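A.B. asks:
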Amino acid sequence: SEKELELGIFRLKDSWHYEFKNQLYIFIGGIDKRLTELDILKVFSQYGNITDFFFLYDYKKKIRKNSCFLKYENFESCVLAIDNLNNYKLLDGWLRVSHT
Numbered sequence: 001s002e003k004e005l006e007l008g009i010f011r012l013k014d015s016w017h018y019e020f021k022n023q024l025y026i027f028i029g030g031i032d033k034r035l036t037e038l039d040i041l042k043v044f045s046q047y048g049n050i051t052d053f054f055f056l057y058d059y060k061k062k063i064r065k066n067s068c069f070l071k072y073e074n075f076e077s078c079v080l081a082i083d084n085l086n087n088y089k090l091l092d093g094w095l096r097v098s099h100t
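In structure tokens, the structure reads:
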């Protein structure tokens, strides 16, 4: 958790997250259609520096899907975002945040 990281007692090797330690991208689903890229970046940047972001698109229908991928500068930021924002309600959408 964020508190454990602040206190320096979080042991990543003991966490289920550890198997994803080499992956800096996270998946975000359940995004309300009214949210923009800037909105998502504002929410997720509180957990670390974001180095890449893209929404998924349905090119046949020419519409944005309600999901995206986001890349953090370091793995600890991924862990914080997943632990704090998975199942978080943002407007009318319940975010699903996970490792890729």
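If you count the sequence shown from 1, position 49 lands on 49 in UniProt numbering, and the numbers rise without skipping. We put the beta carbon where it would ideally sit given N, CA and C, even for glycine. Nothing here was measured: the structure is a model prediction, and the numbers come from that model.
Please list the terminal residues of the continuous alpha helix (DSSP H) segment that includes K42.
C.D. replies: Judged by DSSP secondary structure, K42 falls within the alpha helix (DSSP H) whose first and last residues are 37–44.
A.B. asks: For C78 versus I28, is the C-beta distance shorter than 8 Å?
C.D. replies: no
A.B. asks: Check the DSSP bridge columns for V97 and list the partner residues they point to.
C.D. replies: I28
A.B. asks: If we count the other Cβ atoms within 10 Å of its Cβ and call it buried at 16 or more, is F54 buried or exposed?
C.D. replies: The residue is exposed, with fewer than 16 neighbouring Cβ atoms inside 10 Å.
A.B. asks: Could you pull the start and end residues of the beta strand (DSSP E) that F54 belongs to?
C.D. replies: 50–58
A.B. asks: Since L70 sits in a beta bridge, which residues does DSSP pair it with?
C.D. replies: Under the DSSP definition of a beta bridge, L70 partners with I26, F53.
A.B. asks: With DSSP collapsed to three states, give me the class of L91.
C.D. replies: coil
A.B. asks: Nearest-angstrom Cα distance between N74 and L35?
C.D. replies: 25 Å
A.B. asks: I need the boundaries of the alpha helix (DSSP H) containing F75, first residue and last residue.
C.D. replies: 75–85
A.B. asks: Can you find at least 3 beta carbon pairs, one from the region 80–98 and one from the region 40–57, that sit closer than 8 Å?
C.D. replies: yes
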